[in-house]
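Residue numbers for the sequence shown follow the numbering used here, so the first one is 65 and each next one is one higher.
Idealized CB from N, CA, C, for every residue including glycine.
Because the structure is a prediction, the values reported are computed rather than measured.
Everything below concerns the one structure shown next.
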Amino acid sequence: MFRIDRNLTADDLGKALRRDVAEGLTSRPKQLPPKWFYDARGSALFEEITRLPEYYPTRAEKEILGRHVDEIAAAADASALIELGSGSGLKTRLLLQALERHGELTRFVPVDVSGEFLAESAGALAEDWPRTDVHAVVGDFEEHLGLLPVPEGGGRRLLAVLGSTIGNQVPERRAAFLRDVHGVLETGDRLLLGVDLVKDPDRLVAAYDDAQGVTAAFDRNVLTVINRELGADFDPSAFDHSARWNGEQEWIEMRLRSRRDQTVRVGGLDLSVDFAEGEEMLTEISAKFRREGLSQELEAAGFTPEHWWTDPDGDFALVLAIR
Ligand code: AVJ
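What follows is the structure, encoded as structure tokens:
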């Protein structure tokens, strides 16, 4: 059984992009939120990133799931899986299979901003899980958490946010997000978070500035998105990609650095923006976590951390918390 709820239209997305770009290009320093990386090309580039030798997080998270997914399913003891972001790949399938083996999977709720992506990926998944009610929700999970389908028959829910997605938010936004999640869940429901861990800065920087330049292409792709959607004339080749470790905040910062003095016209916003040679624009932060700090964040939002699993190298963690 497959259905899809649309809480977010192309029009809503267009407005949000206009607002983010107008704000970001006129603030000092300039910045753009990472959520606009993921058009079709950006999503394909991200897939390519996950296969790079330097980008360990996806492999590490798969390894944890491969080893511990049945323990996770047993501890979660849930009849519904809600997944925020992604919701298509191997990791989702591993979780669904384990919940099924554990014995009571009835429902899967994938949530994503891209309706196109969801229709395709969740539709394919529904074909492989004919006895599961697949109820896809198109929405921005920073805004539309309240629109998630209500549980049927009081079954327990497992809400998964994998891939260190929460690392893209600054701590204050993350705290608000975790409180929102706490608000939509019910007592006894579980939260499963996948988080990348603090480690040797050289490895971190390499993971975000790979030798083949795939991450650089991914970073510059946001300019192509703005050119297409907002009639801008960015020359992506006039910007260099950079990745730096911020040891104080314990996050990676990705930036695009202007190679020369230049003026960019954003026709759709009736906006001209000057870049000085060497000027940098922040395009992403990717926070890295420690067990103690994340436990405190979860507790502050009302959750009780219950389990912590890592890969053998200790690069990545899955944490299961009780609402
Ligand atoms: C999908 C947000 C988890 O932060 O590692 C990968 C995105 N950016 N390489 C991350 C990303 C550059 C990724 N997340």
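Item: Check: Asn285 C-beta below 7 Å from any heavy atom of ligand 1; Value: no
Item: Val262 - partner residues in DSSP beta bridges; Value: Answer is none; Val262 lacks a bridge partner.
Item: Contact test: Phe282 Cβ vs ligand 1 heavy atom, cutoff 7 Å; Value: yes
Item: Assigned secondary structure, Ala200 (DSSP; H/G/I helix, E/B strand, else coil); Value: strand
Item: Euclidean distance between Cα positions of Asp338 and Ile349; Value: 23 Å
Item: Identity of the residue in Ser301, Asn71, Asn310, Thr122 nearest Asp260 by Cα; Value: Thr122
Item: For Glu191 and Gly219, the rounded distance between their alpha carbons; Value: 23 Å
Item: 6 Å Cβ shell around Asp274 - same chain, five flanking residues per side excluded; Value: Leu116, Glu118
Item: For Trp193, the residue or residues it bridges with in DSSP; Value: Paired residue(s): none; Trp193 is not in a bridge.
Item: Contact with chain E by Ile136, beta-carbon distance below 8 Å; Value: Absent here is chain E; the protein component of the structure consists of one chain.
Item: Sequence ranges, alpha helix (DSSP H) only - wholly within the region 295 to 376, length at least 4; Value: 355 to 364
Item: C-beta contact flag for Asp197 and Arg171 at 8 Å; Value: yes
Item: Among Lys352, Arg221, Ala365, nearest to Ile230 - alpha-carbon criterion; Value: Lys352
Item: Arg319 to Ala307 span [Cα, whole Å]; Value: 6 Å
Item: Enclosing beta strand (DSSP E) for Leu223 [first to last residue]; Value: 221 to 225
Item: Check: Phe172 C-beta below 7 Å from any heavy atom of ligand 1; Value: no
Item: Unbroken stretches of the alpha helix (DSSP H), 4 residues or longer, contained in the region 97 to 169; Value: 104 to 114, 121 to 140, 154 to 166
Item: From Val278, Phe241, Leu346, Arg157, residue whose alpha carbon lies closest to that of Ile398; Value: Since the first and last residues shown for the chain are 65 and 387, residue 398 lies out of range.
Item: Alpha carbon of Thr55 to alpha carbon of Val269, nearest angstrom; Value: Nothing in the structure corresponds to residue 55, since the chain is present only between 65 and 387.
Item: Under 8 Å between C-beta atoms of Leu256 and Leu382; Value: yes
Item: Limits of the unbroken beta strand (DSSP E) element including Asp273; Value: Note, Asp273: premise wrong, no beta strand (DSSP E); not H, not E.
Item: Phe374 Cβ short of 7 Å to ligand 1 heavy atom set; Value: According to the sequence shown, residue 374 is Thr rather than Phe. Thr374: no, Cβ never under 7 Å from ligand 1.
Item: The region 124 to 131 touching the region 363 to 377, judged by at least three CB pairs closer than 8 Å; Value: yes
Item: Alpha helix (DSSP H) segment containing Pro235, residue limits; Value: 235 to 248
Item: Ser228 beta carbon near ligand 1 (any heavy atom closer than 7 Å); Value: yes
Item: Span of the beta strand (DSSP E), counted from its first residue to its last, around Val383; Value: 380 to 386
Item: Secondary structure of Asp176, DSSP reduced to three states; Value: strand
Item: Proximity test, Gly295 beta-carbon vs ligand 1 heavy atom, cut-off 7 Å; Value: no
Item: Cβ contact check for the region 325 to 334 and the region 289 to 301: 3 or more pairs under 8 Å; Value: yes
Item: Whether Leu154 touches Val225 by CB criterion (8 Å); Value: no
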